[in-house]
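Trainee: For the sequence shown, this note's numbering begins at 215 and goes up steadily by one.
Ideal Cβ positions, reconstructed from N, Cα and C, are used throughout, including at glycine.
Okay, here's the structure, questions in a sec.
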Amino acid sequence: MRIHVLYTGGTIGMTPTARGLAPGADLHGWLEGVAAGSGTPVTVSDLAPLIDSSMATPDDWQAIVDALRARRTSADAFVVLHGTDTMAFSAAAVSFALTDFDTPVIFTGSQLPLGAAGSDAAANVSHALEAAAHEASGVSLCFGNLLLQGNRATKASSWAFDGFASPTAPALARVGAPWQWGAAPALGCGWRDPAPYRRCDIAVVTMAPGITAARVRAALDPAPEAVIVRAYGAGNVPACEPGLVDAFAQAIEAGAPVIVTSQCPQAAIEVGRYATSDALGRAGAVGAGDMTFEATYAKVAFLLSQDVHGADLAAWIPRSIAGEIGA
Ligand code: ASP
215 MRIHVLYTGG TIGMTPTARG LAPGADLHGW LEGVAAGSGT PVTVSDLAPL IDSSMATPDD
275 WQAIVDALRA RRTSADAFVV LHGTDTMAFS AAAVSFALTD FDTPVIFTGS QLPLGAAGSD
335 AAANVSHALE AAAHEASGVS LCFGNLLLQG NRATKASSWA FDGFASPTAP ALARVGAPWQ
395 WGAAPALGCG WRDPAPYRRC DIAVVTMAPG ITAARVRAAL DPAPEAVIVR AYGAGNVPAC
455 EPGLVDAFAQ AIEAGAPVIV TSQCPQAAIE VGRYATSDAL GRAGAVGAGD MTFEATYAKV
515 AFLLSQDVHG ADLAAWIPRS IAGEIGA
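Encoded structure:
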């Protein structure tokens, strides 16, 4: 079993500086020790520059995809060390771009730097290596005591060692002695020869009590390529605010798909279930089903990067490309 570790940055390899935590630890030396302890020989490479994942863009997603594809024949499994802040976005993005990839990819990171007392870094990396050795399939995310499908995961805590959850899909495995393995990850229809990710203009508009139509109109000007609404509950918006639904309707008429997600971590969007979402649905907005916000955002960026726009993009939202959405 040849495991390659791709280090992209994140708290795991950070050290304290005068301006806060930043990458700089001897991660390679440390990793050799962890790998030796787990009995798994690994090779390691770094993405340059190492980043705090809060700075990640679709270019960084593509850099991960390219690095994995470049080593496709020289490894049997990959572990990607990544910051926790946007790990779920990257895992989802990589899952869309690598549906033809038969080598498992496991994302992990840590809440505390590897050198900090009581750090979760060694445990998380050991678990990810163990998942890799078991050939966990597809793109997954291993953190705390859970192995999750990468495109169903969400960062649930900024401090807890069990920092990730998968609110609408069961865990792939629970770490323990022995591990408890669940069902295999869901698959989708896949995507042949995907074009690289590009920087897209996606407007994310969050509903809050008292939000005005003027604020929504301002968020949609200049016209974005796509709109993601962070609605309430099952997809509801304050439809009584004069002009608010019209602002989204105008965006659709201008060619931008409007995708409705929920602020609830665990949600199944049903546009039209309530009168407060009915007008959005009649205007052509489409619900994101039970997808996480992270998977929805990465999916919209993926589709725009494939030159899929407007109503065509909206039609792809309920279709599973990489197992990111439930039936
Ligand atoms: N800001 C860090 C990052 O996402 C947080 C972490 O890694 O836990 O890179």
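Provide the residue(s) that pair with Met228 in DSSP beta bridges, ordered along the chain.
Mentor: Pro237, per the DSSP bridge assignment.
Trainee: Can you check DSSP and say which residues form a bridge with Cys356?
Mentor: Looking at the DSSP assignment, Cys356 forms a beta bridge with Leu361.
Trainee: Cα separation between Gly220 and Ile442?
Mentor: First, the amino acid is wrong: residue 220 is Leu here, not Gly. Cα to Cα, the separation comes out at about 31 Å.
Trainee: Look up Ile416 in the DSSP assignment and give the residues it is bridged to.
Mentor: Ile416 pairs with Ala440.
Trainee: Please state the DSSP three-state secondary structure of Ile466.
Mentor: Note: Ile466 maps to helix in three-state DSSP.
Trainee: Assuming Leu355 and Phe378 make a contact with CB atoms under 8 Å, what is their CB distance in whole Å?
Mentor: 6 Å between Cβ atoms; contact.
Trainee: Where does Leu494 fall in DSSP's three states?
Mentor: Helix, per DSSP.
Trainee: When we look at the beta-carbon of Arg366 and count the other beta-carbons within 10 Å, is it buried (16 or more) or exposed?
Mentor: By the 10 Å Cβ count, Arg366 comes out buried.
Trainee: Three or more beta-carbon pairs under 8 Å between the segment 397-417 and the segment 512-525, yes or no?
Mentor: Counting Cβ pairs under 8 Å, three or more are found: they touch.
Trainee: With a threshold of 7 Å (Cβ to nearest heavy atom), would Thr298 be considered close to the ligand ASP?
Mentor: Yes; taking the cut-off as 7 Å, the Cβ of Thr298 has a heavy atom of the ligand ASP nearer than that.
Trainee: Assign Ala350 to one of two classes, buried (16 or more other C-beta atoms within 10 Å of its C-beta) or exposed (fewer than that).
Mentor: Under this definition Ala350 is a buried residue.
Trainee: Within 8 Å, do at least three Cβ pairs link the segment 289-302 to the segment 492-501?
Mentor: In short, these stretches do not touch, since the Cβ pair count stays below three.
Trainee: Identify which residue in Ile483, Asp526, Cys478 has its Cα closest to the Cα of Pro471.
Mentor: Selected option, being the one with the closest Cα: Asp526.
Trainee: Buried or exposed: where does Leu386 fall if 16 or more other Cβ atoms within 10 Å of its Cβ makes it buried?
Mentor: By the 10 Å Cβ count, Leu386 comes out buried.
Trainee: State the start and end residues of the unbroken beta strand (DSSP E) segment that holds Pro263.
Mentor: 256-265 is the span of the beta strand (DSSP E), which, as asked, contains Pro263.
Trainee: Going by the C-beta, is Asp266 closer than 7 Å to any heavy atom of the ligand ASP?
Mentor: At least one heavy atom of the ligand ASP is nearer than 7 Å to the Cβ of Asp266, so yes.
Trainee: What first and last residue would you give for the beta strand (DSSP E) that runs through Gly223?
Mentor: Gly223 -> beta strand (DSSP E) spans 217-223.
Trainee: Quick test of your reading: Ala212 and Arg487, contact by CB under 8 Å. State the CB separation rounded to the nearest angstrom.
Mentor: Any question about residue 212 goes unanswered here, given that the chain covers just 215 to 541.
Trainee: Rounding to the nearest angstrom, what Cα-Cα distance links Ala461 and Ala335 in this structure?
Mentor: Rounded to whole angstroms, Ala461 to Ala335 spans 46 Å at the Cα level.
Trainee: I need the boundaries of the beta strand (DSSP E) containing Ser476, first residue and last residue.
Mentor: 472-476 is the extent of the beta strand (DSSP E) around Ser476.
Trainee: Sorted by chain position, which residues of the same chain lie with C-beta nearer than 7 Å to Gln394's C-beta, five sequence neighbours on each side aside?
Mentor: Excluding residues within five positions, the ones whose Cβ falls inside 7 Å are Ala387, Arg388.
Trainee: Since Gly537 contacts Ala400 with CB under 8 Å, what's their CB separation in whole angstroms?
Mentor: Contact holds; Cβ gap of about 3 Å.
Trainee: Please confirm whether Ala440 and Ile416 have their CB atoms less than 8 Å apart.
Mentor: In contact: Ala440 and Ile416 (Cβ atoms closer than 8 Å).
Trainee: Could you check what DSSP says for Arg286 in three-state terms: helix, strand or coil?
Mentor: Here Arg286 sits in coil by DSSP.
Trainee: I'd like to confirm the pairing. Which residues does DSSP put opposite Asn450 in its beta bridges?
Mentor: Beta-bridge pairing links Asn450 to Tyr446.
Trainee: Could you please give the first and the last residue of the uninterrupted alpha helix (DSSP H) stretch that includes Thr300?
Mentor: Per DSSP, Thr300 belongs to no alpha helix (DSSP H) and is neither H nor E.
Trainee: Using the three-state DSSP reduction, which class does Ala270 fall into: helix, strand or coil?
Mentor: In this structure, Ala270 counts as coil in the three-state DSSP scheme.
Trainee: With DSSP as the reference, identify every bridge partner of Thr322, one or two as the case may be.
Mentor: Its beta-bridge partners are Leu295.
Trainee: Figure out for me which residue from Val319, Phe310, Pro327 has the closest Cα to the Cα of Thr298.
Mentor: Minimum Cα distance to Thr298 is reached at Pro327.
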